[in-house]
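Structure first, commentary second.
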Amino acid sequence: MAYIVVATGNAHKVEEYRKLLADQKVELKSLLDYPGFPGVEEDGTTFRENAAKKALAACRYCDVPAFADDSGLEVEALDGAPGVYSARYAATDPERIARLLGELEGKENRRARFVCAIAIAVNGEVIETFEGEVRGVIAAAPRGEHGFGYDPVFIPDGYDQTFGELDSETKNKISHRANAFARAMEFVEEEMSVLDDDFGI
Ligand code: ITT
690 MAYIVVATGN AHKVEEYRKL LADQKVELKS LLDYPGFPGV EEDGTTFREN AAKKALAACR
750 YCDVPAFADD SGLEVEALDG APGVYSARYA ATDPERIARL LGELEGKENR RARFVCAIAI
810 AVNGEVIETF EGEVRGVIAA APRGEHGFGY DPVFIPDGYD QTFGELDSET KNKISHRANA
870 FARAMEFVEE EMSVLDDDFG I
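Each number in the numbering used here comes from the position in the sequence shown (counting from 1) with 689 added on.
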């Protein structure tokens with residue numbers, strides 16, 4: 690079976706993509722299957738730029754079609770922070786959440802959005818990037834054990850629970866990652882005659 694590499698070392702992202710790709714005739718590998726991958730400096734100023742860098746590096750290193758996601762949380766009252774620096778906001782998930790809640794102390798506006806950019810690279814070139822988002826608010830305190838990152842403090846619009854409390858099926862229907870992925874799949878299906886051999890779908 691043909692396979693595609695998702696250029697991430699984040700096992701939670703891999704799991705989400707595995708579920709999103711469940712109906713496709715393509716096997717998913719990730720950088721966890723390529724321990725020798727040298728890594729990519731995520732020095733872009735946009736999610737799209739970083740996603741493109743990661744996808745390209747993986748496509749060239751693994752010599753197969755690859756896609757990557759760069760994602761993060763943008764908080765209105767913090768002028769969009771932590772944004773592209775979401776992973777580097779502090780050393781661990783609990784510390785990142787603690788810093789975020791600290792910065793928001795006393796602020797009334799708790800609106801935020803998760804953003805995900807996906808880049809697809811084939812034959813050593815980035816062919817397209819896509820973006821998805823999910824809007825919501827930041828909870829007063831972390832709740833729930835599901836998901837990863839900022840999930841315990843993000844309450845998506847239309848729900849009372851955080852992504853940490855909602856099950857993975859629900860998150861995978863409405864998340865920034867699911868929305869970006871749906872756009873990417875639409876593109877892949879439309880361009881199938883071009884990509885058929887590479888993707889094997
Ligand atoms: P890769 O670069 O290897 O894919 P990463 O975790 O470093 O893994 P990013 O550079 O895209 O990924 O950083 C995204 C950060 O934004 C991530 O570490 C989380 O803190 C946060 N984030 C992104 N998507 C999230 C989600 O679905 N739920 C919770 N937090 C998320």
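Even glycine gets a Cβ: it sits at the ideal position worked out from N, Cα and C. Remember, it's a predicted structure, so these values are computed and weren't measured experimentally.
Neighbour-count burial assignment, residue i, 16 or more Cβ in a 10 Å radius
i	result
Asp-758	buried
Asn-798	exposed
Tyr-706	buried
Asn-868	buried
Lys-702	buried
Tyr-774	exposed
Thr-818	buried
Cβ-heavy atom distance, residue i to ligand 1, below 7 Å
i	result
Ala-700	no
Lys-796	no
Phe-852	yes
Asp-840	yes
Glu-731	yes
Ala-776	yes
Thr-697	yes
Lys-742	no
Ser-857	no
Arg-802	no
Gly-772	no
Leu-762	yes
Phe-837	yes
Length of the line joining the Cα atoms of residue i and residue j
i	j	result
Ala-711	Glu-704	11 Å
Asn-739	Asp-732	7 Å
Met-690	Ala-801	40 Å
Val-695	His-865	16 Å
Ala-766	Ile-863	23 Å
Ala-828	Gly-847	14 Å
Ile-844	Ala-780	23 Å
Leu-721	Cys-748	14 Å
Same chain only: Cβ atoms within 6 Å of residue i, ignoring 5 sequence neighbours per side
i	result
Ala-776	none
Ile-890	In this predicted model, Ile-890 has a pLDDT of only 42, less than 50, meaning its place in the structure is not dependable; the value taken from the coordinates is given anyway. Same-chain partners within the cutoff: Gln-713, Lys-714, Val-715.
Leu-709	Phe-870
Val-729	Lys-742, Lys-743, Ala-746
Phe-837	His-701
Beta-carbon contacts of residue i that lie in its chain and below 7 Å, excluding the five residues immediately before and after
i	result
Pro-841	Ile-786, Pro-831, Arg-832, Gly-833, Thr-851, Gly-853
Lys-796	Ala-766
Val-753	Tyr-692, Ile-693, Val-694
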